[in-house]
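What follows is one structure encoded as structure tokens, with my remarks underneath.
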Amino acid sequence: MAFEGLAERLQGTLKKIRGKGKVSEQDVKEMMREVRLALLEADVNFKVVKKFVADVKERAVGQEVMDSLTPGQQVIKVVNEELTKLMGGEQSKIATANKPPTVVMMVGLQGAGKTTTTGKLAHHLRKKHNRKPLMVAADIYRPAAIKQLETLGKQLDMPVFSLGDQVSPVEIAKQAIEKAKEEHHDYVLIDTAGRLHVDENLMSELDEIKEVTKPDEILLVIDAMTGQDAVNVAENFNERLGITGVVMTKLDGDTRGGAAISVKAVTGMPIKFAGMGEKTDALEPFHPERMASRILG
Ligand code: GDP
1 MAFEGLAERL QGTLKKIRGK GKVSEQDVKE MMREVRLALL EADVNFKVVK KFVADVKERA
61 VGQEVMDSLT PGQQVIKVVN EELTKLMGGE QSKIATANKP PTVVMMVGLQ GAGKTTTTGK
121 LAHHLRKKHN RKPLMVAADI YRPAAIKQLE TLGKQLDMPV FSLGDQVSPV EIAKQAIEKA
181 KEEHHDYVLI DTAGRLHVDE NLMSELDEIK EVTKPDEILL VIDAMTGQDA VNVAENFNER
241 LGITGVVMTK LDGDTRGGAA ISVKAVTGMP IKFAGMGEKT DALEPFHPER MASRILG
């Protein structure tokens, strides 16, 4: 599970201050020195760490007194609230169009988990929101991608729209939306092509699909295991294409978790879902508050 090392270190640090009946500025400073190191070691972006430490210090030192908590507990509460804020504060839900179908473009680099996440999201929408999604195989360049999505469709007993690999992704997307309207699908999940790196060809193709489909949601799928590279990818995609949210995959692995903590602060884009495994039900809505509590204990 992600964050294990970070959680252990932060919980150890906070334990020292928890029981204190009086917390001096020096205590806060010392605690934050350890918190800073723990976050950096967990691969959180250094600018994000700097601001986080400054924000906590400012609030923790001059904070209002609450009768129900000891001063030590109050400092921990501040750390918890700031960590929650850092990861987006409120939970960010997936968009729903006023007029169905809601069009969702799934984008990301190869291997990040885009196709798998498309299947997971379809499953989630049906199971938790009673929706009727149509998955669209628009990744015509990776030979196995169409097959992979079709296999997922069979497994889930959900339809996949495909026109093979000889029709342009823009045309596939266009026709898929028509079909969704005819057959009353309320979500269209377009699995677009990925590349090994962000490049101009990929971006202009995605731009074209965006232009034609007018998506309500552009979800960027990134791999938590790739650390700050994932955050850079998110910055690139957001600047070039404009995304509306992030799906952070492979948080079940032993990643240090820095990408999940940094991405909202660096890009302004919230994590909407977390991938927690390879199976189709291993997708969870991302709750910043729960995640912060999981890390801080
Ligand atoms: P794509 O190239 O972005 O479409 O990537 P795929 O969907 O083919 O996924 C690449 C690999 O990552 C596959 O082996 C998936 O099973 C795996 N994968 C995707 N999401 C997760 C996740 O949340 N956790 C784990 N452990 N593996 C994942």
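If you count by the UniProt record's numbering, then the sequence shown holds residues 1 to 297, one letter each, in order.
All C-beta atoms in this analysis are idealised placements derived from N, C-alpha and C, irrespective of residue type, glycine included.
Can you check DSSP and say which residues form a bridge with residue i?
i           : result
Leu273      : Inspection of the sequence shows that residue 273 is occupied by Phe rather than by Leu. Per DSSP, Val247, Pro285.
residue 334 : Here the chain comprises residues numbered 1 to 297, so residue 334 is not present and cannot be evaluated.
Met135      : Val160, Leu189
Assuming residue i contacts residue j (C-beta within less than 8 angstroms), just tell me the rounded distance between them.
i           : j      : result
Gly258      : Asp43  : 3 angstroms
Pro101      : Ile177 : 7 angstroms
Leu206      : Leu152 : Not confirmed; about 21 angstroms, so no contact.
Gly108      : Leu202 : The Cβ separation is near 10 angstroms, so there is no contact.
Gly194      : Asp139 : 7 angstroms
Glu82       : Phe52  : 6 angstroms
Glu284      : Phe273 : 7 angstroms
Met31       : Ile17  : 5 angstroms
Ala95       : Glu183 : In fact, because the Cβ distance is near 21 angstroms, the residues do not count as touching under 8 angstroms.
residue 298 : Val23  : Because the chain here runs from 1 to 297, residue 298 falls outside it and cannot be looked at.
Ile271      : Met87  : 7 angstroms
Leu10       : Leu196 : Not quite, the Cβ-Cβ distance comes to about 35 angstroms (not below 8 angstroms), so this is no contact.
Gly72       : Gly12  : Actually they are not in contact, since the Cβ atoms of Gly72 and Gly12 sit about 14 angstroms apart, beyond 8 angstroms.
Gly113      : Gly275 : 6 angstroms
Ser293      : Asn80  : 7 angstroms
Ala173      : Thr117 : About 17 angstroms; that fails the 8 angstroms criterion.
Gln155      : His287 : No, Gln155 and His287 are not in contact; Cβ-Cβ is about 27 angstroms, not under 8 angstroms.
Gln175      : Arg142 : At roughly 20 angstroms, the Cβ-Cβ gap does not stay under 8 angstroms, so Gln175 and Arg142 are not in contact.
Leu69       : Lys77  : 7 angstroms
Compute the minimum distance between the beta carbon of residue i and the heavy atoms of ligand 2, and state whether it is under 7 angstroms.
i      : result
Asp165 : Summarising the ligand content, the structure contains ligand 1 and does not contain ligand 2.
Using a Cβ-Cβ distance cut-off of 8 angstroms, determine whether residue i contacts chain B.
i      : result
Pro133 : In the structure shown, chain B cannot be found, because there is only a single protein chain.
**Q.** 4-residue-minimum alpha helix (DSSP H) runs that sit fully inside the stretch 142-227, ordered along the chain
**A.** Assignment of alpha helix (DSSP H) within the stretch 142-227, counting only whole runs of 4 or more residues, yields 145-156, 169-182, 200-213 in chain order.
Q. For the stretch 44-87, which segments carrying the alpha helix (DSSP H) assignment without a break, of at least 4 residues, lie completely within its bounds, in sequence order?
A. 46-61, 71-86
**Q.** Three or more C-beta pairs below 8 angstroms linking the stretch 256-275 and the stretch 224-234
**A.** yes
Q: Pair every Cβ in the stretch 129-142 with every Cβ in the stretch 178-187, then say whether three or more of these pairs are closer than 8 angstroms.
A: yes
Q.
I'd like to know if the stretch 93-109 and the stretch 162-172 are in contact, where contact means that at least 3 CB-CB pairs between them fall below 8 angstroms.
A. no
Q: Could you tell me whether the stretch 141-148 touches the stretch 276-283, using the rule of 3 or more Cβ pairs below 8 angstroms?
A: no
Q. Are the stretch 240-260 and the stretch 2-22 touching by the rule of at least three beta carbon pairs closer than 8 angstroms?
A. Touching, per the Cβ criterion.
Q. Per the contact definition of three or more C-beta pairs closer than 8 angstroms, is the stretch 27-47 in contact with the stretch 236-252?
A. no
Q) Per the contact definition of three or more C-beta pairs closer than 8 angstroms, is the stretch 120-130 in contact with the stretch 207-217? A) no
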